Structures are given as C-alpha cells and as structure tokens.
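Here is the structure we will look at.
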Amino acid sequence: MRVVNGFRGFLVAAVCCWMVIAAPPATAQIAIEILYLEHQRAQPPTLSNLDAPPLDDGLQGARLGIEDNATTGRFLKQSYALREVIVPPEGDFLAQAKQALAEKSAAFIVANAPADDLLALADLPETKDALIFNAGAPDTRLRQNECRANVLHTLPSRAMLADALMQFLVKKRWTKIMLIEGPRAEDKAFGQALRKSAEKFRASITAEKSWSLKADMRRNAAAEVPSLTQDADYDVVLVSDEAGDFGQYILYNTWLPRPVAGSQGLMPVGWHRAVEQWGAVQLQNRFREVAKRDMRARDYAAWAAVRSVGEAVTRQNTADVQKLAAYIRGPEFKLALFKGRALDYRPWNGQLRQPIPLVHTGALVALAPMEGFLHQTSDLDTLGIDGPETKCKMN
Amino acid sequence: MRLGILCALALAIATSGPAHAHLLYVTNEKDDTVSIIDTKTLEVVDTISVGERPRGITLSKDKTKLYVCASDSDTVQVLDVKTNKILYELPSGEDPEQFALHPDGGLLFIANEDDAVTTIVDTQTRTVVAQIDVGVEPEGMAVSPDGKWAITTSETTNMVHWIDVAERKLVHNSLVDQRPRHAEFDPDGKRLWVSSEIGGTVTVFDVESKKEIKKISFSLPGISQDRVQPVGIRLTRDGSLAFVALGPSNHVAVVDAKTYEIKDYLLVGRRVWHMAFTPEEDLLFTTNGVSGDVSVVDVNALKVIKTIKVGRYPWGAEILPTN
C-alpha cells in the first residue's frame, strides 16, 4: 500500500497532464434509472449482538452495481443512475412507494423489503409494466403460489438455501438431524424449508426442539444447551434463528460432540466475505472500497439485479423495458456473477439460478450444488423449486 | 489415429533431439513465490520469494530481467535472472494482474484489476507515462507485434479495449462474451484472440478491421459445459496451432489456427490458467491452479508427459531461454 500512496502522489504531481481520460458521457444516448426501494426492518433485540447487521445492507450493493454498469456504459454512451427511496421500519412502505412512483415512474425497481410489502408493490397498477427485482425477501412462497409476472428474484429462496445445506449433509452422511427452531415467523419458515429439504434428499430429522426466548444464554448456555440436546441421537444440529438471537450459543454446547449448521455454524448463504474463488476477490475489494465493510447476501442480490439490467442494456443497446425484460428472462441471457459459471433466471418463477456457498465465519466450506446431485437440464435446479414442482402462474 | 500419434512421436524423437535446458518461471499466487523449473530435467531447481499474490510474469526483451506482477503488493517487481534477486520495483497502479511488453522493450502495459485503468510504465525511467480508463476489472493485456495496438480486456464490462499506442488513447471497444480474461496476437499480428471465461468461447478478431471473424466454442464429452472456461492462449510461431487453457474442465484445447477446428483436448491438472512454450516449441507448460502443479505437454506428439509439483495456486509462466 505504501508504494501506491507514494506513487499516487507522484502521479498527481507530475503525470496528470499525460493522463488520458475518457470523455464523460455528456451525450449519453441511453439513460437508465433504477429505483431502489427499501423497507428497513426493525432489528429485534438479540442475545448475541457481536455482529449487528449494517443499516445499508442491500443499498451498497445496488450502488456498486450502478458504478459497474456506468463504467461499462461510458464506452457505449449508456448512463445509469440509482434513485434511492428508503422507508424506515415504522414508515408506510406502500404509501411511500406510491408517492415515489407518482413523482416519477420507474421501469426497473430493486426492492429490498419483506414479502408482503413486495407483493403489495408488485400489485400496484403503477408497476404493472415495470421489472421488479426482489433482493430482500427469501420467502419461498414468492417463487411459488404467490409469484408475480413482473418480479424476478436475485436473493435465493429459503428452499434453495435449505437444499444446498441438505446436499452437503447427505454427501457427508450426516443424515440424522436435530432441528432447533426459533420462535419468530422467519425461523419457522426456514425450519419448514429444512424439513422439506430433508424429505427431498432423504435425510431424517430425528428430533425437533423449539427455542423460547426466556433463557439468557450468555450466562447459561453451558447449562441449558446440553440438556436441550441430550435426549436424542443425531449427526448434526440444525439451527433456525435468522435474527441471530440464540444460535451462536448452540455451537460447542451440545450434549453430543456434533457440528452445528443452518442459520449459524455452517451456513448456506447467497454471498459471504469468505467467497474468494472465481475472481470474487475483485468484487469483494470493489465493494469494500465503496461500502467500507464486507459484502453480504442482500448486497449481492441488489448488485446482481442492477448488473442484470446493465448486461441487458449492453447487449441489446435499448432502453425499452419490455425488450430488456424479455431478454433478461430469455435463453440468451447470461451473467457472470463470480460464482464460477454463467447464471440466468428460471423461466417458471423468475428465480436467479445460482450456486449457494456453504460457509462458516472464516472460510468457504463447499459450493452447492454438490457433485453427484444430478439433474436432467441444469444441476443448479437441484436447489429450490424446480420446473415440474412449480405452482407459479405468471399471468 | 493411434498409428498417427506413434508416427508423430517417432518423428518428434527423430527430429527434436535432446531437449535444451531452459528455465521456466512459474508464479505461485497463494505462496508469494516463483518456482523455477529446468526444462530438460523437468524438475524444480529453485523457489524464490517475491511480493504478495504474484500473477503475470514476462521476460524483458534483452532477456536479463523478469517482470512480476505482485498484485496485492500493488507493484511490478523486476527480477535479475542471473541472481534471482529483486532489483527494484516499478510503479504499477493498484492490483496489477497481467501486463504486456511493447516490442521495443521500453513500455510496459499493465492491467490494474481493481482500478479500471491500464497503466503504461516506462521501464527505463521507471515512471508512469499514462493511465487510460478502461472497463471494470481489466485483466488481459497484449501488444501487437508491430507495436501499434495495446489491448486490454475487462472482465466485468465484457469488452476488448483497443488502445492506440502512439496516441496513448482508447480508440475502439468490442463487446465479447462474458468475462474476457486473456488476449493474444497472432505472431504476424493480423489476428487477435480473446478468451471469454464464463461465456466459454474464444473470439478471433481481424486486427485491420477490428471485426470479429470467428467465435470458437469448446465441448468435451462427459464434462459439463459450465466447466469449460477458456483462459490462457498461446500460439505457435508459425501460426499453425493455438493452445487454449480451459480452466476447471482441466483440459487444454488444441486448435488449428487456420481452420479453427479443434484437433484435440489434452488432460492436464486441475483449473488450468496459463501456458508457456520452450523456444523450440517442443514443450508446452501449463499452470494448474487448484492442483498446484505444472503439466508438461509434448507439442509434437500432443501428449502430456509429466506433472511437476510447484507452489500453491500456480498462475503465470514464462520461459528464460539459455541459448
């Protein structure tokens, strides 16, 4: 780093007259504006508060996506802008979304909001012809019965995450599972995804425990967790605690010496700082420079959404939302997203096909789909809702 | 088929004689070292420490120095090939990944991956003479044999950037398939070859018109198309063959550079990145990132004859001729 600092100073002092700077896109022929709509979530009080989620989770990814698109766009006379509308937890998301759309219509929307907000947004007459990217809600129902024709999903569904983890467990032959489920709705949803996935890949949940919020694990973990996990035999403990409330205290406190996975321990994630292969270091570095923190799954989903629009505009050289949307959904669309292969969207429910990293806090352990899980068309479709089981009707 | 190979092998033995002893330098990305291999004994003779995350490596035109991109040290290190000691460092801009030397030996063109610029460094005065804005994640770098064109490929922008060397100006951009990683000119400078890692193709351009003349796809029986990811390209001096490293498919494609037909796929180590020929072009060495080794290809027989263990994540390869 010191070399660069010295070099930079030198550069500015002596060489700037030599610098050749590409002309700014003063006369951009295609100008794309993307609306970033977020409904911030109230963070519940948690026992484990070492890693509080950042307030700009998602937003920074969208910003980086715009920057990446703009760098490419410079050469093609295409410009990109992000309009940011962020609704606080207590605010009325739909009212503010309507107001934002009344001020100026939006062809492309990156939504980082809970499932019900997303559905309300997608059902507005104002967004009928828009393309909405869901970068915030992992709910599987949004990819099934409650899918929408104007919505694509860049965030993996809970079904995809659960399937990714389950493939790993089956491969390891850790097929006897104890499931500890938290009390919140999202914990139950992830627990349900894990149960379905266990059934799909022939693992068995031999014991189930519900976590109540009464114990203070900082004091009592060593006493309470062993007794909770004492009365069964299992190869692995799966935790469903999306808010990160108690899950961290399960590790190393189980009655049997067993690994912990799920929302803590070995985690299936859309993205994580431990992902470094496939050129991902570059993305991680670029992100850190912009955001001053590590890139997270929602950041990645928002970035992938903005990059999808950019890739389509680059290849199609048009601002026509219908043409671009058709191209993004179509068979020719391919996006390089630092997961080792070209990615595209599932035609039956608009979910971005993607490998799922399995990580712990310090390293990447595996990348699902695991080898050996075969599929007649794409092994990526062994994760989440596959074509034959879709209940999504786009129209 | 087998008879053909046997004949080729016999011919190779009859015509090539004993292999010459040159030195192959291999950068080990995750070991911060360079492995030196004797091309006659095919053994590692030395391992030297360099800066952090060494990747691109190239020999000076007078064959006395090696330039090494130490990406995470944000510098280009200059290695004395007699002593294998680092003489000095060149300013390089941030995160230099690949570079190419101008045929006159004076200017070094460096792709700065984290900065979306191409840096031009004068290797004599050791100063930056220009920085040119290019696309996101510039990686591939090539200079045409006549010294007129410098090419940068940008991985996330998916473009080939044509830089007019005399003007020091970007004059043209060509879109290619996803994640273009490497650019290589024909020995006669008429064509430019560009590999697209995620797109899975190699695009060949006519340099004069800058128009695409061919897109080559690869297909290996029993290997998922997802894993066919072209990276490094090397062409023989007579312009008859192109070797294309296909990344995690663990194969190198042998392409007839005239008809663009694929003649063969050679099984090498895991995740093959880049390659280097001996001056006689009797041997080709491939760096295999994941398996941490170098495969040795007999170019005449089109056979892999040996695997040599090197450091962790070998990336770039360059030959120092000893004759």
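Going down the list, the sequences are from chains A and B.
Heads up, the first sequence is in the numbering used here, so the first residue is 1 and it goes up one at a time.
Heads up, the second sequence is in the numbering used here, so the first residue is 1001 and it goes up one at a time.
Backbone N, C-alpha and C define an ideal beta-carbon position, used for all residues, glycine too.
As the structure is a prediction and not an experimental result, all values here were calculated from the model.
Under 7 Å from the C-beta of Asp1114 (chain B): neighbouring residues of chain A:
Under the 7 Å cutoff, chain A gives Gln282, Asn285, Arg286.
Within a Cβ cutoff of 6 Å, which residues of the same chain sit near Asn69 (chain A), ignoring the five residues on either side of it in sequence?
Excluding sequence neighbours, Asn69 (chain A) sits near Tyr80, Gly310.
What span of residues does the beta strand (DSSP E) with Thr1236 (chain B) cover, start to end?
Thr1236 (chain B) -> no beta strand (DSSP E), and no H or E assigned at all.
With Gly191 (chain A) as the anchor, note down where its alpha helix (DSSP H) starts and where it stops.
That run of the alpha helix (DSSP H) goes 185 to 200.
Counting only runs that start and end within the stretch 48 to 92 of chain A, where is the beta strand (DSSP E) found for 3 or more residues in a row?
Complete beta strand (DSSP E) runs here, min 3: 78 to 87.
Between the Cα of Leu356 (chain A) and the Cα atoms of A:Thr175, A:Leu380, A:Ala120, which residue gives the shortest distance?
It is Ile, not Leu, that sits at residue 356 (chain A) in the sequence shown. Distance check between Ile356 (chain A) and each of A:Thr175, A:Leu380, A:Ala120 places A:Leu380 closest, using alpha-carbon atoms only.
Nearest to Lys1065 (chain B) by CA position, among B:Val1081, B:Asp1072, B:Ile1057, B:Gly1056, is which residue?
Minimum Cα-Cα distance from Lys1065 (chain B) among the listed residues B:Val1081, B:Asp1072, B:Ile1057, B:Gly1056 corresponds to B:Val1081.
Sheet register partners of Phe108 (chain A) (DSSP bridge):
In the DSSP assignment, Phe108 (chain A) is bridged to A:Ile34, A:Leu131.
Name, in chain order, the residues that DSSP records as bridge partners for Arg1191 (chain B).
Looking at the DSSP output, Arg1191 (chain B) bridges to B:Asp1206.
Tell me where the alpha helix (DSSP H) around Asn285 (chain A) begins and ends.
280 to 291 is the span of the alpha helix (DSSP H), which, as asked, contains Asn285 (chain A).
When you compare the CB of Met1159 (chain B) with every CB in chain A, is at least one pair closer than 8 Å?
Yes, Met1159 (chain B) lies at the interface with chain A (some Cβ there is under 8 Å from its Cβ).
Can you find a C-beta in chain B that's less than 8 Å from the C-beta of Arg341 (chain A)?
Under the Cβ criterion of 8 Å, Arg341 (chain A) is counted among the residues facing chain B.
From the DSSP output, in three-state form, read off Trp255 (chain A) for me.
In the structure shown, Trp255 (chain A) sits in coil (DSSP, three-state: anything other than H, G, I, E or B).
Per DSSP, which residues does Glu1089 (chain B) bridge with? Please list them.
Among the bridge pairs identified by DSSP, Glu1089 (chain B) is matched with B:Gln1077.
So what does DSSP say about His1264 (chain B), is it helix, strand or coil?
Note on identity: in this sequence residue 1264 (chain B) is Asp, with His being the wrong assignment. Strand at Asp1264 (chain B).
Given this structure, state the Cα-to-Cα distance separating His1020 (chain B) from Val1299 (chain B), to the nearest angstrom.
Their backbone Cα atoms lie some 15 Å apart in a straight line.
Kindly list, in the order they appear in chain B, the residues whose Cβ is closer than 7 Å to that of Gly279 (chain A).
Ordered by position in chain B, the residues that pass the 7 Å Cβ test against Gly279 (chain A) are Glu1155.
Any C-beta of chain B within less than 7 Å: which residues of the stretch 60 to 75 of chain A qualify?
Taking 7 Å as the upper bound on Cβ-Cβ separation, chain B lies near residues Asp68, Thr71, Thr72, Phe75 of the stretch 60 to 75 of chain A.
Have a look at Ala221 (chain A) and Asn253 (chain A) and give me their C-alpha separation to the nearest angstrom.
Taking the straight line from one Cα to the other gives about 7 Å.
Is there a C-beta anywhere in chain B that falls below 8 Å from the one on Thr314 (chain A)?
Flagged as an interface residue toward chain B: Thr314 (chain A), by a C-beta distance shorter than 8 Å.
Contact list for Leu1173 (chain B) against chain A, beta-carbon separation under 8 Å
The residue asked about is misnamed: residue 1173 (chain B) is Asn in this sequence, not Leu. Within chain A, the C-beta atoms nearer than 8 Å to that of Asn1173 (chain B) come from Phe75, Leu76, in chain order.
Output the distance between the C-alpha atoms of Val1290 (chain B) and Lys1040 (chain B), rounded to the nearest integer angstrom.
For Val1290 (chain B) and Lys1040 (chain B), the distance between alpha carbons rounds to 25 Å.
So Thr314 (chain A) is in the alpha helix (DSSP H); what residue range does that whole segment cover?
Counting along the chain, Thr314 (chain A) sits inside the alpha helix (DSSP H) bounded by residues 297 to 316.
Quick check: Thr1157 (chain B) and Val1136 (chain B), are their CB atoms within less than 8 Å of each other?
Taking the C-beta atoms as reference points, Val1136 (chain B) is found nearer than 8 Å to Thr1157 (chain B).
Beta-carbon proximity check, Ala66 (chain A) vs Ile180 (chain A), cutoff 8 Å
Before going on, a small fix: residue 66 (chain A) reads as Ile here, not Ala. Pairing Ile66 (chain A) with Ile180 (chain A) gives a Cβ-Cβ distance that is not under 8 Å.
Under 9 Å Cβ-Cβ, which residues of chain A neighbour Asp1046 (chain B)?
None at all; the shortest Cβ gap to chain A is about 26 Å.
Backbone CA spacing between Val1068 (chain B) and Glu1052 (chain B) [nearest angstrom]:
The straight-line gap from Cα to Cα measures roughly 10 Å.
The stretch 33 to 51 of chain A touching the stretch 275 to 287 of chain A, judged by at least three CB pairs closer than 8 Å
Short answer: they don't touch.
Excluding the 5 residues preceding and the 5 following Leu64 (chain A) in the sequence, name in chain order all residues of the same chain whose CB lies nearer than 7 Å to its CB.
Once the five neighbours on either side are set aside, the close Cβ partners of Leu64 (chain A) are Arg286, Phe287, Val290, Trp303.
According to DSSP, Pro1138 (chain B) sits in a beta bridge with which residue or residues?
DSSP output for Pro1138 (chain B) lists B:Ser1154 as bridge partner(s).
Cα-Cα separation, Thr140 (chain A) to Ala159 (chain A)
Between Thr140 (chain A) and Ala159 (chain A), the C-alpha separation is close to 6 Å.
Touch check for the stretch 381 to 393 of chain A and the stretch 139 to 158 of chain A: three-plus C-beta pairs under 8 Å?
Yes, the stretch 381 to 393 of chain A touches the stretch 139 to 158 of chain A.
Should Val260 (chain A) go down as buried or exposed, given a rule of 16 or more other Cβ atoms within 10 Å for buried?
With 16 or more Cβ atoms within 10 Å of its Cβ, Val260 (chain A) is classed as buried.
Identity of the residue in B:Ala1257, B:Arg1237, B:Asp1226 nearest Leu1246 (chain B) by Cα
For Leu1246 (chain B), the closest C-alpha among the options B:Ala1257, B:Arg1237, B:Asp1226 is that of B:Asp1226.
Here's the rule I'm using: 16 or more other beta-carbon atoms within 10 Å means buried, otherwise exposed. How should His1161 (chain B) be labelled?
Counting Cβ neighbours within 10 Å, His1161 (chain B) comes out buried, since at least 16 surround it.
Does the beta carbon of Lys334 (chain A) come closer than 8 Å to any beta carbon on chain B?
Chain B places a beta carbon closer than 8 Å to that of Lys334 (chain A), counting this residue as a contact.
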